[in-house]
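Asks: Going line by line, the protein sequences match chains A and B.
If you count the first sequence from 1, position 29 lands on 58 in our numbering, and the numbers rise without skipping.
If you count the second sequence from 1, position 139 lands on 942 in our numbering, and the numbers rise without skipping.
I have a structure here, written as structure tokens, and I will follow up with some questions on it.
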Amino acid sequence: MESGDATESLSPELRPDLEARRRGRTGLAIPWDNIPWWGIIVITLGVIAGFSAMTNTRYVDALYFIFDLPWNKNGVGRTQVAADGSWAITIQPALKPGSYVLYAEFEDPEGTYAGRSDAFHVIVMPGAEAVEAPALTTPSAAPVELNTSIPTIAGTATPGYSVMLYDDFSGNAWRVIERIVTANGVLLTIRTTLVAFAGALVLGLVFGVMRVSSRSPDLTQHAWRRVLIGLGLAVVALIVVPSLREMPQAGMLLLGAAAVLFLLPAMPYTVSTLYVEVVRGVPMLVIILYMGFAVTPAVRESTGGAFDLRGWPSALIGLSFGYGAYLAEVFRAGIQSIPHGQMEAARSLGMNYMQAMRYIILPQAVRVVLPPLGNDFISMLKDSSLISVIALPEVLQQGRLWISRNFRAFEGFNSVVMVYLVMTLLLSLLVRAIERKSALPGR
Amino acid sequence: MDKNEPVIILENVHKRFGSVHALRGVSLQVQLGEVVVVIGPSGSGKSTMLRCINHLETIDGGRIIVDGIPLDRAKNINKVRAEVGMVFQLFNLFPHLTALENITLAQRVVRRRNEEQAVEIARDLLAKVGIPEKANSYPHQLSGGQQQRVAIARALAMQPKIMLFDEPTSALDPEMIKEVLDVMLDLAREGMTMVVVSHEMGFARAAATRMIFMDEGQIVEEATPHDLYTNPQHDRTKLFLSKVLH
């Protein structure tokens, strides 16, 4: 739309505010013109740095904990230096065969860092058992071969100090990568959101397409064929599973199979509506708790421990299941927004329903629903904080743990807020970019 | 199927939309190679009848037999639909595909032709409708007349026995109507069986072997274009023609 003569004749209130349109490229509540996308990150990090400088670096400590750093060393033991100045740490649990770089860090009674020892290079031999062995007291650069998987490191230091033993794997890229990928805190939140959202997308697509099917199909069409198939399946089940041949069960099976198959054309709409309405009507927190404390123990008991969903799996299933209902409605709306003529054109060319959906409707519908899906992804990122109630160490849980150890609620929660903000702001920018790229040509 | 049997038979077809009785006992027979033009006021059931032939609407009474196959007992309605091409008033091109892809998609997916075959047929058809250079354009880059011609090519790519046209030029600018009608005229001259719902009287006069006037869900009059224009039998026909021919 050009400005110019057309708009000059309008009153000031009606003229399009081109300045406002140009402003706010980021769309956020920042009153300066033309802030680039990376400006947000710089500002946020500046705020963090400012806070840290002002409040004695406790923010850095909190963020360190929330990000579950460090990623290049593991703590493998801790002890106090005895009155005679000696200390010894036996590494538990047992080390797997491989080469390790071990070193000790010292803290004074106030908790201030007081230096570190030189590194002990050791190799735990394959087949080493968890047996007691003489302590290693001299650090060495040349690797020492050990036949025990629970070596003891010892030395001398100032009495009353604490000693922490670390396994330093900064030289081993593979272990570093493994540690980063499995880290708690921020990375757990991101991992959970990505996987749970993928699951929710699948559930949403399936149930969304089911929701689009006819709400009152013609049940009388091919009814006898369906009922006979149902009875046939029930008979097969009776043949294969002898224990079902008792009268009440057999009767119920035959009746049930015939009824279900008879109602089959109405099933997609019925089942998907049940899923969507019930799951959307229950708070997300309740779904996560239900999954974690009701379903998981029941599954574990009934399968005799074969399916142990404790921890991450139950959180994933809970989040996926809960969000799948919302995404199903998003997909349904997207599919129904495609003009009916598209389906008619596809069917008149001889395509069946599945082909029409796959080649014509869904490709268009997906482009329409990408912005709402992006917003739902950001929502799920924030709702991932709910999995802290089943004690998963994601961002919120790490924050609360840090608070309970350091008794500083403001720093703790402000750090949690900053972490979520940076993630959601970055994602918002990404969603907006995807929105621009994916719009159907010409829209 | 016997050459002399009509390729489309409608017997006493009834269709209701809720309380609206859209088709009231329509009976029609179309022979192979005929061009039937259906005219009538809006709401007369012309488009509904067309869509019933295609099974885009199911009927509530009577029978429809297309290419020898009764539609209500067709084992695979999609196979029947592949033999009946349809061109819509609003084109209904697939906006996420180029013109070429619009034409090749159904060929590959329904007729199971391989890519080269489909593309060759598509390019020939695009040349035939007069826009070979627009093969890689998206629908939104084409004018209305060009879009409708791509839609016609898309329907022709399935090599159907029958072509149905539902007011193909009603949504076009006057300048573009001629280019679409020329394509339809060529098709008629080549012997394609066509059922056209249209208000284009010039086209009807040039191409139709038979014209049908419908009103309020019934066929009021059937005649050749010449006879219908010069000597309409029914008063309703006369009234409609007096309003339309100006």
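Where a beta carbon is used, it is the ideal one built from N, C-alpha and C, also for glycine.
None of the values given here were measured: they were computed from a predicted structure.
Using a Cβ-Cβ distance cut-off of 7 Å, determine whether B:H874 contacts chain A.
Replies: Going by the sequence as given, residue 874 of chain B is Leu instead of His. Cβ-Cβ to chain A under 7 Å: no for B:L874.
Asks: Identify the residues that DSSP records as bridge partners of A:K102: which are they?
Replies: According to DSSP, A:K102 bridges with A:D197.
Asks: Can you pull the chain A neighbours of B:L859, defined as C-beta to C-beta under 8 Å?
Replies: Ordered by position in chain A, the residues that pass the 8 Å Cβ test against B:L859 are E373, R376 and S377.
Asks: Give me the chain B residues within the contact set of A:I389, using Cβ-Cβ distance strictly less than 9 Å, ordered along the chain.
Replies: The contacting residues are F897, H899, L900 and L908.
Asks: Just to check my reading of the structure: A:A183 and A:A159 have Cβ atoms closer than 8 Å, yes? What is that Cβ distance to the nearest angstrom?
Replies: A:A183 to A:A159, Cβ: 18 Å. No contact.
Asks: Give the range of the alpha helix (DSSP H) segment to which A:N443 is assigned.
Replies: It spans A438 to S467 - the alpha helix (DSSP H) in which A:N443 sits, taken as one unbroken run.
Asks: Using 8 Å as the Cβ pair cut-off and three pairs as the minimum, do the segment 987-996 of chain B and the segment 869-877 of chain B touch?
Replies: Because the criterion of three Cβ pairs below 8 Å is not met, the segment 987-996 of chain B and the segment 869-877 of chain B do not touch.
Asks: Would A:G237 pass as a contact of A:F360 if the rule is Cβ separation under 7 Å?
Replies: Result yes, Cβ atoms of A:G237 and A:F360 sit closer than 7 Å.
Asks: Looking only at C-alpha atoms, which of A:H251, A:V231, A:I70 and A:V451 sits nearest to A:F350?
Replies: Nearest of A:H251, A:V231, A:I70 and A:V451 to A:F350, Cα basis: A:V231.
Asks: Do you know whose CA, among B:E1003, B:N917, B:A960 and B:H824, lies nearest B:A885's CA?
Replies: Ranking B:E1003, B:N917, B:A960 and B:H824 by Cα distance to B:A885 puts B:A960 first.
Asks: With DSSP as the reference, identify every bridge partner of B:M1053, one or two as the case may be.
Replies: Chain B is shown only over 804 to 1049; residue 1053 of chain B falls outside these bounds and no answer can be derived.
Asks: Rank B:V839, B:N881, B:N807 and B:G865 by C-alpha distance to the C-alpha of A:Y382 and give the top, closest one.
Replies: Of the listed residues, the one whose Cα sits closest to A:Y382 is B:N881.
Asks: Please go through the same chain and pick out, in chain order, the residues whose beta-carbon is closer than 6 Å to the beta-carbon of A:T218, but skip the five residues on each side of it.
Replies: S413, E423 and V424, listed in sequence order.
Asks: Give the range of the alpha helix (DSSP H) segment to which B:H1029 is assigned.
Replies: From DSSP, the alpha helix (DSSP H) with B:H1029 extends over P1028 to T1033.
Asks: Can the beta-carbon of A:A287 be found less than 7 Å from the beta-carbon of A:G259?
Replies: Result yes, Cβ atoms of A:A287 and A:G259 sit closer than 7 Å.
Asks: Quick one: is A:A111 buried, meaning 16 or more other Cβ sit within 10 Å of its Cβ, or exposed?
Replies: That one is exposed.
Asks: If you run the structure through DSSP and keep just helix, strand and coil, what is B:E808?
Replies: Reduced to three states, the DSSP call for B:E808 is coil.
Asks: Output, in chain order, the set of chain A residues within a Cβ distance shorter than 7 Å of B:M889.
Replies: Residues of chain A passing the Cβ test: S377.
Asks: Taking 7 Å as the cut-off, decide whether the C-beta atoms of B:M1014 and B:V883 are in contact.
Replies: Cβ distance not < 7 Å, so B:M1014 and B:V883 don't count as in contact.
Asks: Using the Cβ count rule (16 or more neighbours within 10 Å means buried), how would you classify B:N895?
Replies: Counting Cβ neighbours within 10 Å, B:N895 comes out buried, since at least 16 surround it.
Asks: Along the chain, where does the alpha helix (DSSP H) containing A:I152 start, and where does it finish?
Replies: Run containing A:I152: none in the alpha helix (DSSP H); it sits in the beta strand (DSSP E), F149 to E158.
Asks: May I ask you to report which of helix, strand or coil DSSP gives A:N176?
Replies: Here A:N176 sits in strand by DSSP.
Asks: If you follow the alpha helix (DSSP H) that A:M296 is part of, which residue opens it and which one closes it?
Replies: Here the alpha helix (DSSP H) through A:M296 covers M296 to R309.
Asks: Could you please give me the residues that DSSP links to A:Q371 through a beta bridge?
Replies: According to DSSP, which records beta bridges pairwise, A:Q371 is partnered with nothing at all.
Asks: Kindly indicate which three-state DSSP category B:E918 falls into: helix, strand or coil?
Replies: In the structure shown, B:E918 sits in a helix (DSSP, three-state: H, G or I).
Asks: Thinking just about the alpha-carbon of each residue, which of B:V953, B:P898 and B:P942 is nearest to the one in B:I924?
Replies: When each option's Cα is compared against that of B:I924, the closest is B:V953.
Asks: Could you work out which residue in A:V311, A:L273 and A:R204 is closest to A:P99 when comparing CA atoms only?
Replies: Of the listed residues, the one whose Cα sits closest to A:P99 is A:R204.
Asks: In whole angstroms, give me the CA-to-CA distance for B:E978 and B:G947.
Replies: The alpha-carbon atoms of B:E978 and B:G947 are separated by roughly 10 Å.
Asks: Ignore the nearest five residues each way along the sequence and tell me which others in B:Q910's own chain have a CB closer than 6 Å to its CB.
Replies: Here the set comprises R916, A921 and A960.
Asks: Per DSSP, which one or two residues make a beta bridge with B:F968?
Replies: Answer is B:V890 and B:V999.
Asks: Which chain A residues sit within Cβ distance under 7 Å of B:M961?
Replies: Within 7 Å Cβ-Cβ: L378 and G379.
Asks: Does the beta carbon of A:G340 sit closer than 7 Å to a beta carbon anywhere in chain B?
Replies: Judged by the 7 Å Cβ criterion, A:G340 is not in contact with chain B.
Asks: In angstroms with no decimal places, state the Cα-to-Cα distance between A:G53 and A:V446.
Replies: Confidence at A:G53 is low in this model, with a pLDDT of 47, below 50, so the placement of that residue is unreliable and no value is reported for it.
Asks: Beta carbon of A:S301, beta carbon of A:M380: below 7 Å?
Replies: No. Outside cutoff.
Asks: Is the beta carbon of A:I120 sitting closer than 7 Å to the one on A:T108?
Replies: No; because the gap between Cβ atoms is not below 7 Å, this pair is not in contact.
Asks: What are the boundary residues of the beta strand (DSSP E) that B:V839 is part of?
Replies: Where B:V839 is concerned, the enclosing beta strand (DSSP E) stretches over V838 to I842.
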